[in-house]
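Chains as they are written, first to last, in the numbering used here: chain A, 62 to 308; chain Z, 62 to 308.
Number of protein chains: 2
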Amino acid sequence: MSSSSVVPTAKPPMREALVAAAFRLFLERGYEQTTVDDIVALAGVGRRSFFRYFPSKEDVVFPDHERCLADMTAFLAAGGAEHEPVRRVCDAARLVLRMYAENPTFSVQRYRLTRQVPGLRAYELSVVWRYERALAEYLRGRFAGRPDGTLRADVIAAAVVAAHNNGLRSWLRSDGEGDAGAAVDHALAYVQKAFGRPAEAAAPAPVGPGPFGGPAGEPDDVVVLACRRDTPLWRVVQELEAARGPA
Amino acid sequence: MSSSSVVPTAKPPMREALVAAAFRLFLERGYEQTTVDDIVALAGVGRRSFFRYFPSKEDVVFPDHERCLADMTAFLAAGGAEHEPVRRVCDAARLVLRMYAENPTFSVQRYRLTRQVPGLRAYELSVVWRYERALAEYLRGRFAGRPDGTLRADVIAAAVVAAHNNGLRSWLRSDGEGDAGAAVDHALAYVQKAFGRPAEAAAPAPVGPGPFGGPAGEPDDVVVLACRRDTPLWRVVQELEAARGPA
Chain A
62 MSSSSVVPTA KPPMREALVA AAFRLFLERG YEQTTVDDIV ALAGVGRRSF FRYFPSKEDV
122 VFPDHERCLA DMTAFLAAGG AEHEPVRRVC DAARLVLRMY AENPTFSVQR YRLTRQVPGL
182 RAYELSVVWR YERALAEYLR GRFAGRPDGT LRADVIAAAV VAAHNNGLRS WLRSDGEGDA
242 GAAVDHALAY VQKAFGRPAE AAAPAPVGPG PFGGPAGEPD DVVVLACRRD TPLWRVVQEL
302 EAARGPA
Chain Z
62 MSSSSVVPTA KPPMREALVA AAFRLFLERG YEQTTVDDIV ALAGVGRRSF FRYFPSKEDV
122 VFPDHERCLA DMTAFLAAGG AEHEPVRRVC DAARLVLRMY AENPTFSVQR YRLTRQVPGL
182 RAYELSVVWR YERALAEYLR GRFAGRPDGT LRADVIAAAV VAAHNNGLRS WLRSDGEGDA
242 GAAVDHALAY VQKAFGRPAE AAAPAPVGPG PFGGPAGEPD DVVVLACRRD TPLWRVVQEL
302 EAARGPA
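Given below as structure tokens:
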């Protein structure tokens, strides 16, 4: 399903009126008790107008995800070799956050609704899965030809989505009061630390033929050193001094 | 929904007969074209028998997930403080693999079916989400009171599930010919490397109030040391000698 066939790129007032009417009824009567007929009656339009914008009642709950998914795909496609891949997918995930943060009241209402209605949770899982696939596809391209490329792509995409959603949910649970950007930045920094270039240097693999894994990219006040257990102590001290640099 | 209310712990022949009949019809006619009436007619039982075992037609496609989820929850609950948490969730994920590997032909057929039927993919996403929540809940307990405990729990659970599924899918795509255990072990090792204790030692947080992050759990021949840049060299050497142990 291409987004353009379902959702017009410009948001006409009728589409917004349908979303507003739907949410007013969902909150007043409950999601299950509200029909599409109820929604179109309140919005003052016909059934066909509803289905021109939304394939189903579930879709009106998530009116902006198609657009956001298209934005994310375009953003990733516009990236070049100069963009560090893990950082790029973190930045792509921030597009989702921005969509939520644009309208805190609506986002918090939807969060509560989604937790109450099992059908909406299932729908949300499928949306999240599509974001995750978009990130994984991009990373698979960036890691093509490298050992474990698809494995790393899938794992990092899942980690980015989980971190983003952890930060997003803590903001939604604060009723949209806190700083959404800071919560998500903090969560994504954890993933970048684990999978960005610094964590690779800390893993045993890059120790390679020589005795030392290079410390690289750590925060300024911490030095990390990996060495074989049988490395002579004088070599360790030499490397350590080089890594710590001038005091 | 408790698993015991839906799925008897022992597998009676009738349950297996229903699964076998369902899959024969799904493969012959297609999933959508097969009704519950068709399945019970072929299995020679009544409709009520079907619904005693399976809440819906979708559930017959995934007959063992409730049992596996219960096994996983019990396995995690049985773990003690002596189990390294990331390793424990990796071992829990291997229970899912074992279920697939017990019956390769059935698992490969189901994999193909699930890829063809959107409704089954949505169902599978909800199953995967329940496994991920079980792993995350366990890790949240283990990381309780530690900085970013829920963040780390959610991210690691997602990474473990993604790695497991990457290994599982590569085995399913080989038509169950390859070594399922080896594929999944390899994938999970990548996650353990990123999030097990070695990676923690590289992150600034565990450096804590003292100058040293502890090296622990590395492969025997590699020592990882994290220290503040301003730590006196004699302290570094002292810690390093302690960490390397007797030569």
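All residues carry an ideal CB built from backbone N, CA and C; glycine is no exception.
From a predicted model like this one, the values you see are computed outputs, not experimental measurements.
Sixteen is the threshold: when 16 or more other Cβ atoms of the shown chains lie within 10 Å of the Cβ of A:R213, as they do, the residue is buried. Rounded to whole angstroms, the gap between the alpha carbons of A:D152 and A:D240 is 17 Å. With a 10 Å radius around the Cβ and a threshold of 16 neighbouring Cβ atoms, Z:Q253 comes out buried. For Z:D215, the chain A residues whose C-beta falls within less than 8 Å of its own C-beta are A223, A224, N226, N227, listed in chain order.
For the set Z:R149, Z:G141, Z:V122, the Cα lying nearest the Cα of Z:T175 is the one of Z:V122.
Taking CB atoms only, A:S187 has a neighbour in chain Z less than 9 Å away.
With a cutoff of 9 Å on beta-carbon distance, Z:Y251 and Z:A219 are scored as not near each other. Judged by beta-carbon spacing, A:M160 lies within the 9 Å limit of A:R128, meaning their Cβ atoms are closer than that value. With contacts defined as CB atoms closer than 9 Å, A:T166 and A:G237 qualify as a contacting pair. With 16 or more other Cβ atoms inside 10 Å of its own Cβ, A:N227 counts as buried. Separation of Z:R155 and A:F204 (C-alpha to C-alpha, rounded to the nearest whole angstrom) is 26 Å. No Cβ of chain A is located within less than 9 Å of the beta carbon of Z:F111.
Listed along chain A, the residues sitting closer than 8 Å to Z:W190 by beta-carbon distance are L186. Within 7 Å of the CB of A:V157, no CB atom of chain Z is found; the nearest one sits about 15 Å away. Any Cβ of chain Z closer than 9 Å to the Cβ of A:F115 would place that residue at the interface, and such an atom is absent. Sequence-distant Cβ neighbours of A:A162 in its own chain, meaning closer than 6 Å and more than five residues away, are A241. The residue from A:R108, A:H247, A:H126, A:V189 with its alpha-carbon nearest to that of Z:G210 is A:H247.
The continuous alpha helix (DSSP H) containing A:Y161 extends over residues 146-163. The contact set of A:T211 on chain Z, defined by CB atoms closer than 7 Å, consists of N227 in chain order. Taking the Cα of Z:F111 as reference, the smallest distance to any Cα among Z:F256, Z:A82, Z:E89, Z:V222 is reached at Z:A82. With the rule of 3 Cβ pairs closer than 8 Å, the region 105-119 of chain A counts as touching the region 74-89 of chain A.
Taking the Cα of Z:Y114 as reference, the smallest distance to any Cα among Z:E145, Z:E77, Z:R171 is reached at Z:E77. With contacts defined as CB atoms closer than 9 Å, A:W232 and A:V221 fail to qualify as a contacting pair. In the structure shown, A:K118 adopts coil according to DSSP, grouped into three states. For A:D215, same chain residues with a beta-carbon under 7 Å away, outside a window of 5 residues either side, are A197 in chain order. Taking 7 Å as the Cβ-Cβ cut-off, the region 169-186 of chain Z approaches chain A at A183, L186, given in chain order.
Of the other Cβ atoms in all chains shown, fewer than 16 fall within 10 Å of the Cβ of Z:G206; this residue is therefore exposed.
Listed along the chain, the chain A residues whose CB falls inside 7 Å of the CB of Z:F256 are A255.
Just measuring C-alpha positions, the residue of A:Y172, A:D99, A:Y199 sitting nearest A:L229 is A:Y172. At a Cβ-Cβ threshold of 9 Å, A:Y192 and A:L249 do not count as neighbours.
The shortest C-alpha to C-alpha distance from A:L137 to any of A:A195, A:F256, A:M75, A:G257 is the one to A:A195. For Z:F111, the secondary structure class from DSSP, reduced to helix, strand or coil, is helix. The three-state secondary structure of A:Q170, taken from DSSP, is helix. Near chain A, meaning a CB-to-CB distance below 8 Å, no residue of the region 71-98 of chain Z qualifies. Taking the Cα positions, A:G257 is about 7 Å away from A:R148. No Cβ of chain A is located within less than 9 Å of the beta carbon of Z:H126.
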